[in-house]
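Residue numbers (my numbering): 887 to 1606.
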């Protein structure tokens, strides 16, 4: 916008030459006529007027006296119409007032100044950037008699710098996480408002499952899912498609056209185009008309030879349309975002695979145990490239005992999940042999060493396999708990009176180190005690150190809880208010005890007649328990096991019956020699007893003790 006519100013200072010539203070000289050959002064004025520079001369009142032809062309007004006007009267713009402030400073200080302004000149549809130099004009006596304003259009250089800044900003802001939707949103956040007034990211539905889309252009009309959008208007009111929604784009739309051709396109929104859109997408066309969209860029999003979707940039507030340079800039930032989004897509696929693998390897809901009440949680990491190798397990053992296991494999991803599965299987196999916790960890340590050697020989990228583990065995009859750990955090014990302590379990080396022994700790637990096993991701995080985490865990476990499940939730809420940065496995077990109403024990003398007495005592006990129908099988099993102990074992011999969901029959003796099942030949007089036991019971086995061994058999009571 421009103003016509000068503004009166009471503080005007006469132009020196005007005063000398006897002219009025508001008079302005006419543009010099072409000079004669000997008129040097006129030649100087004529040369200034014809200078190719964009310049103007202002007097001490900051009123224009002379302007070059180039200045006339830029302003769009002849010099005659601008004489006597100030800059703010020629151009109605806040930047012109800023220019006047600098001009006054030049008049006062007599020193040159420079500034950069952004102006919308008359007759132009976009803003331009100018570098302005303000030079004091001095007379023969050295006094400042005016200001020479010269301007240079640096719009092209300014836009080039802005584009470089935007590309750099895109490289920093896009792809900060491996979340696909967030990476797409970061792209639109970078583009608006620096490049466009409205930007959207739409992806092909075929990539949602993590699989690579099929080759070639998609069929028409194309279906795309909106994953991100950004507008200069609050709340993106011009968006027709909601985030997560699947929309159909007709063949005439920019998104479908650029996907069909595989090339970016720049389109002006013409009435003919709107008419075509109204037939296929009337709601979208109505929004285009309502908000005045006039220019569109559509860029196919491709990475590693795969088309992921399309990014659309639109303008409706900025009057200037997109140019070729804008198209190149949009291609650059889209290409950077495409790699990040493809990385997020591949990460999501690997994460789903890892989670599925780990879910299949982790235990489901454990069966009801007579020894303990169980509550457990597993939380995969949210900020790692793949799940980790944390696991837990609850393993039923002979004699109504139970093994509690928590472990952590070093690393993340499918390799860690696979290693975790192998270790969990190995623990179950070793537990089935009824090894003591320290012996089990020793065998597990050897296995990890072998797995690392296999990984090295196969040149697996994951390298060495390392792990930590805590293994505990609880006996509900004796209420004794035996624990051993291999580089794992110590467990917490909450007693029924509300006290909480961290058990002093000897710290063995992590699995895979080799050559160092493991030690056990054994203690008696009161009925109703809660044993808490966990991995280090629960107590050690970026928000708090391990010591602070352990203190918080102690405080939470000391609080009364309505159930073990609610206590589990309280622990996670206190220690992990947000999604964990590392995998977390949590296992809580409330101990139970089997009293004399469930356990009967007899000492068996080392004499042949003891077999009959043992059978009789067992039948009488079954009668007390109301299990008369199980007596026949029990008699046979007791007779065989006691006979074997008398024949092949050493004193002392003891018979024990445990009533759980099944009936457990145990015979202990002082010999470490273990029987084994074999097929007797037709000519053999013996060798059929254990085969008979195996046929009549659900299972049988042998476990070693400090004083000898125990042979056990588990008899089903479901039919009783």
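From the three backbone atoms N, C-alpha and C, an ideal C-beta is built for every residue, glycine too. Computed from a predicted structure; not experimentally measured.
Given that a residue counts as buried once 16 or more other Cβ atoms are within 10 Å of its Cβ, and exposed if not, what is residue 1124?
buried
Would residue 1046 pass as a contact of residue 1018 if the rule is Cβ separation under 9 Å?
no
Suppose you measure from the CA of residue 1385 to the CA of residue 1537; what does that come to, to the nearest Å?
42 Å
Cβ atoms of residue 1313 and residue 1479: under 9 Å apart, would you say?
no
Between the Cα of residue 1199 and the Cα atoms of 1188, 1193, 1179, which residue gives the shortest distance?
1179
Nearest CA to the CA of residue 1115: which residue from 1079, 1139, 1150?
1079
Would you mind reading off the limits of the alpha helix (DSSP H) that contains residue 1022?
Residue 1022 -> not in any alpha helix (DSSP H); beta strand (DSSP E) instead, spanning 1014 to 1024.
Assign residue 1502 to buried or exposed, taking buried as 16 or more other Cβ atoms, counted over all protein chains shown, within 10 Å of its Cβ.
Residue burial is scored here from C-beta neighbours: residue 1502 has fewer than 16 other C-beta atoms within 10 angstroms and is therefore classed as exposed.
Of all the beta strand (DSSP E) runs that stay within the bounds of the region 1461 to 1508, which reach a length of 3 or more residues?
1470 to 1477, 1485 to 1490
Across which residues does DSSP place residue 1259 in a beta bridge pair?
1476
Any idea if residue 1506 is buried or exposed, counting beta-carbon neighbours within 10 angstroms, 16 or more meaning buried?
exposed
Closer than 8 Å is the cut-off here; do at least three beta carbon pairs connect the region 1406 to 1414 with the region 1209 to 1226?
no
Between which two residues does the beta strand (DSSP E) harbouring residue 1186 extend?
1181 to 1189
For residue 1328, which three-state DSSP category applies?
Here residue 1328 carries a helix assignment [DSSP, helix/strand/coil].
Going by DSSP in three states, residue 1282 sits in which element: helix, strand or coil?
strand
Report back the beta-carbon spacing between residue 1110 and residue 1089 to the nearest angstrom; my notes put them in contact at under 8 Å.
7 Å
So, for residue 908: in the same chain, excluding its five sequence neighbours on each side, which residues have a beta-carbon less than 8 Å away from its beta-carbon?
At residue 908 the pLDDT is 37, less than 50, meaning the model places this residue with poor confidence; the figure from the coordinates comes in the next sentence. There are no such residues.
Can you list, in chain order, the residues of its chain whose CB lies under 6 Å from that of residue 1521, leaving out five sequence neighbours each side?
1501
By Cβ distance below 6 Å, which residues in the same chain neighbour residue 962 in space, the five residues on each side in sequence not counted?
1008, 1009
Below 8 Å CB to CB, which residues in the same chain sit around residue 1379 once its five sequence neighbours on both sides are set aside?
1386, 1387, 1388, 1389, 1411, 1415, 1416, 1417, 1418
Less than 6 Å between C-beta atoms, sequence neighbours within five positions excluded: which residues of the same chain meet that for residue 951?
943, 945
Might you give, ordered along the chain, the residues of its own chain that have their beta carbon closer than 8 Å to the beta carbon of residue 1408, omitting 5 neighbours on each side?
1366, 1367, 1368, 1369
May I ask you to report which of helix, strand or coil DSSP gives residue 863?
Nothing can be reported for residue 863: it is not among the residues displayed for the chain, which extend from 887 to 1606.
Could you check where the alpha helix (DSSP H) with residue 1053 kicks off and where it finishes?
1041 to 1059
Would you call the region 1244 to 1263 in contact with the region 1454 to 1462, where contact means no fewer than 3 C-beta pairs closer than 8 Å?
Yes, since at least three Cβ pairs between the region 1244 to 1263 and the region 1454 to 1462 fall closer than 8 Å, the two stretches touch.
In angstroms, rounded to a whole number, what distance separates the CA positions of residue 974 and residue 1015?
17 Å
From which residue to which residue does the beta strand (DSSP E) around residue 1687 run?
This structure gives no information on residue 1687, because the portion of the chain shown stretches from 887 to 1606.
With DSSP run on the structure shown, which of helix, strand or coil describes residue 944?
Note: residue 944 maps to strand in three-state DSSP.
For the region 1502 to 1563, list the beta strand (DSSP E) runs that are entirely contained and at least 3 residues long, ordered along the chain.
1539 to 1545, 1549 to 1555
Could you please give me the residues that DSSP links to residue 1212 through a beta bridge?
None; residue 1212 has no bridge partner.
Can you say whether residue 1360 is buried or exposed, counting buried as having 16 or more other CB atoms within 10 angstroms of its CB?
The C-beta of residue 1360 has 16 or more other C-beta atoms within 10 Å across all chains shown, which makes the residue buried.
With residue 1301 as the anchor, note down where its alpha helix (DSSP H) starts and where it stops.
Looking at the DSSP string, the run of the alpha helix (DSSP H) that includes residue 1301 is 1300 to 1318.
Which one of 1352, 1531, 1583, 1319 has the shortest CA to CA distance from residue 1497?
1531
Give me the Cα-Cα distance between residue 1438 and residue 1201, rounded to the nearest whole angstrom.
54 Å
Use the C-beta contact count for residue 969: other C-beta atoms within 10 angstroms, 16 or more gives buried, fewer gives exposed.
buried
Hey, could you find the ends of the alpha helix (DSSP H) residue 986 is sitting in?
980 to 995
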